[in-house]
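Take a look at the structure set out below.
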Amino acid sequence: MLFVNGTGIWLEASILALAVFWDVVLGEPARFHPVRGLGNLISALEKIAPKSGKAIQFSFGLALAVILPLTLAVGTYFLIINLQQLNTITYVIVAVFLLKSCFSVKALAQEGLRICRRIEQAALPEARHELRSLVSRNTESLPRPLLASATIESVAENVTDSFIAPWLAFAFFGLPGAVAYRTINTLDSMIGYHGKYEYLGKASARLDDLLNIIPSRIAALMLIVASKVCRLNARQALAIMWQEHGQTESPNAGWTMSAMSGALGVRLEKVGHYALGAKLATPEPDHIRKAVAVMWYTAIFGFLLALAVMGVFYAATT
Numbered sequence: 069m070l071f072v073n074g075t076g077i078w079l080e081a082s083i084l085a086l087a088v089f090w091d092v093v094l095g096e097p098a099r100f101h102p103v104r105g106l107g108n109l110i111s112a113l114e115k116i117a118p119k120s121g122k123a124i125q126f127s128f129g130l131a132l133a134v135i136l137p138l139t140l141a142v143g144t145y146f147l148i149i150n151l152q153q154l155n156t157i158t159y160v161i162v163a164v165f166l167l168k169s170c171f172s173v174k175a176l177a178q179e180g181l182r183i184c185r186r187i188e189q190a191a192l193p194e195a196r197h198e199l200r201s202l203v204s205r206n207t208e209s210l211p212r213p214l215l216a217s218a219t220i221e222s223v224a225e226n227v228t229d230s231f232i233a234p235w236l237a238f239a240f241f242g243l244p245g246a247v248a249y250r251t252i253n254t255l256d257s258m259i260g261y262h263g264k265y266e267y268l269g270k271a272s273a274r275l276d277d278l279l280n281i282i283p284s285r286i287a288a289l290m291l292i293v294a295s296k297v298c299r300l301n302a303r304q305a306l307a308i309m310w311q312e313h314g315q316t317e318s319p320n321a322g323w324t325m326s327a328m329s330g331a332l333g334v335r336l337e338k339v340g341h342y343a344l345g346a347k348l349a350t351p352e353p354d355h356i357r358k359a360v361a362v363m364w365y366t367a368i369f370g371f372l373l374a375l376a377v378m379g380v381f382y383a384a385t386t
């Protein structure tokens, strides 16, 4: 990890704890969010990207996937080095703000519960509209069961990239690692999709897949433990995860989604693509609430794991 000594590790652990406290109590920054600025930058770069030629699109996208995260990570590294030398309190404030910008727990829970309430109120058009911020599929004609399913799937899938992976990146590589991860993940979410300019985002998508290989498996296992704490079916979660995680196009999303399917005992389906737990019950709004509860406990375990990793670094330096 990017520390000088054991004392630095304790300071970084405090920064993680403060960032998590900020997220749980205050939520997302109201006015200025670095990831929003990053999104605007990616949109601007996308506009000047080549619009024809698979090879040239891929080359541009590859350069973007390598240079942008590396530039921001290196910039973050020199920023924190200078702030550490300037003033510890200033460093902590800036580091907490930047780290908080790299993950989100509360916002994911709020989005899931907001859609849950819409479905319970039979406000399906509103639920479909709000679901668009969580999933890439067409939500315009989704019936009630598939709305509930898509919401649960999104909560489960985002356990990995919303907080588990950023926390692990921070634990192993410090704030520059968390910034680099969030940059790659944002690139994937904005340009790593099928369509006319698919090759532009192919490098970002593959790099994001690579970075999430280990975090997604860890997240799925913690999700199963969390389901046990929530008195759900952990045994079934493990079985379905092991048997059906490969159904999804993503090599990583299926792990947490299939585990959640088994834990809740519901069928999670994207029509024409996959049906996790196909023989299980149809999801209802209450299952969304249970999924969010499992997500919160998974976040607790993920936070403790990140601290444990830092503890290992501390032990290795003393």
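Just so you know, we're using the numbering used here here: the sequence shown kicks off at 69 and counts up by one.
Each residue gets a CB set at the ideal place from its N, CA and C atoms; glycine is no exception.
No experiment lies behind these values; they were computed from the predicted model shown.
Residues bridged to residue i (per DSSP)
i      : result
Lys30  : Only positions 69 to 386 of the chain appear in the structure, and residue 30 is not among them; the question remains open.
Ala287 : Ala287 pairs with nothing; no bridge assigned.
Ala349 : Val334
Collapsed DSSP secondary structure at residue i in the structure displayed
i      : result
Ala233 : helix
Phe146 : helix
Val377 : helix
Gln189 : coil
His101 : coil
Lys119 : coil
Phe171 : coil
Arg212 : helix
Asn155 : coil
Gly260 : coil
Thr228 : helix
Thr386 : coil
Glu80  : helix
Ser318 : coil
Asn280 : coil
Ser329 : helix
Ser111 : helix
Asn73  : Low confidence applies to Asn73: its pLDDT is 46, below 50, so where it sits in the model is not reliable, and the reading given next is rough at best. In this structure, Asn73 counts as coil in the three-state DSSP scheme.
Asn253 : helix
Gly129 : helix
Val160 : helix
Leu300 : coil
Gly95  : coil
Thr366 : helix
Thr219 : helix
Ser295 : helix
Thr139 : helix
Leu306 : helix
Ala85  : helix
Cβ separation of residue i and residue j, assumed to be a contact under 8 Å, to the nearest whole Å
i      : j      : result
Leu192 : Arg212 : 6 Å
Val88  : Arg250 : 15 Å between Cβ atoms; not a contact.
Thr395 : Val360 : For the chain, the structure presents residues 69 to 386; residue 395 sits outside this window and is missing.
Ser230 : Leu279 : The pair is not a contact, with the Cβ atoms about 14 Å apart (cut-off 8 Å).
Ala216 : Leu167 : At roughly 33 Å, the Cβ-Cβ gap does not stay under 8 Å, so Ala216 and Leu167 are not in contact.
Leu140 : Ala248 : 7 Å
Ala374 : Leu84  : 6 Å
Thr324 : Thr228 : 6 Å
Glu179 : Ser201 : 7 Å
Met378 : Ile116 : Rounded, the Cβ-Cβ distance is 40 Å, inconsistent with contact.
Top-ranked residue by Cα proximity to residue i, from the options
i      : options                           : result
Ala294 : Arg200, Glu80, Val362 and Ile149  : Val362
Glu352 : Gly370, Tyr382 and Ser329         : Ser329
Glu337 : Val203, Leu113 and Lys119         : Val203
Glu208 : His197, Ser201, Ala216 and Ser217 : His197
Leu109 : Met258, Glu194, Gly143 and Trp78  : Met258
Arg357 : Leu84, Ile183 and Ile149          : Ile183
Ala331 : Pro319, His341, Gly345 and Arg285 : Gly345
Leu113 : Gly143, Ala321 and Leu268         : Leu268
Ala271 : His355, Ala131 and Gly107         : Ala131
Trp310 : Arg285, His355 and Thr144         : Arg285
Lys296 : Pro283, Thr158 and Ala327         : Ala327
Ser82  : Ala163, Leu214 and His355         : Ala163
Trp90  : Gly121, Cys298, Ile161 and Ser120 : Ile161
Ile157 : Phe100, Arg200 and Leu79          : Leu79
Phe100 : Glu312, Phe165, Ala376 and Phe381 : Phe165
Gln315 : Cys298, Ala343, Arg299 and Val339 : Ala343
Arg205 : Met378, His341, Leu154 and Asp354 : His341
Cβ of residue i within 9 Å of any chain C Cβ
i      : result
Thr254 : No chain C appears in the structure shown, which is made up of a single protein chain.
Counting Cβ pairs closer than 8 Å, one from the segment 256-273 and one from the segment 360-369, do we hit at least three? no
Is there contact between the segment 89-96 and the segment 166-180, where contact requires at least three CB pairs shorter than 8 Å? yes
Are there three or more Cβ pairs, one per stretch, closer than 8 Å when the segment 126-133 is compared with the segment 230-246? no
So, do the segment 239-257 and the segment 298-317 have three or more beta carbon pairs nearer to each other than 8 Å? no
Three Cβ pairs or more, each shorter than 8 Å: is that satisfied between the segment 214-227 and the segment 241-254? no
Spell out a yes or no on whether the segment 280-291 and the segment 174-188 are touching, meaning 3 or more CB-CB pairs, one atom from each, closer than 8 Å. no
Counting Cβ pairs, one atom from each stretch, are 3 or more of them under 8 Å apart for the segment 132-152 and the segment 245-260? yes
Count Cβ pairs between the segment 147-164 and the segment 309-320 that sit closer than 8 Å; are there 3 or more? By the Cβ criterion, the segment 147-164 is not in contact with the segment 309-320, since fewer than three pairs of Cβ atoms, one from each stretch, lie closer than 8 Å.
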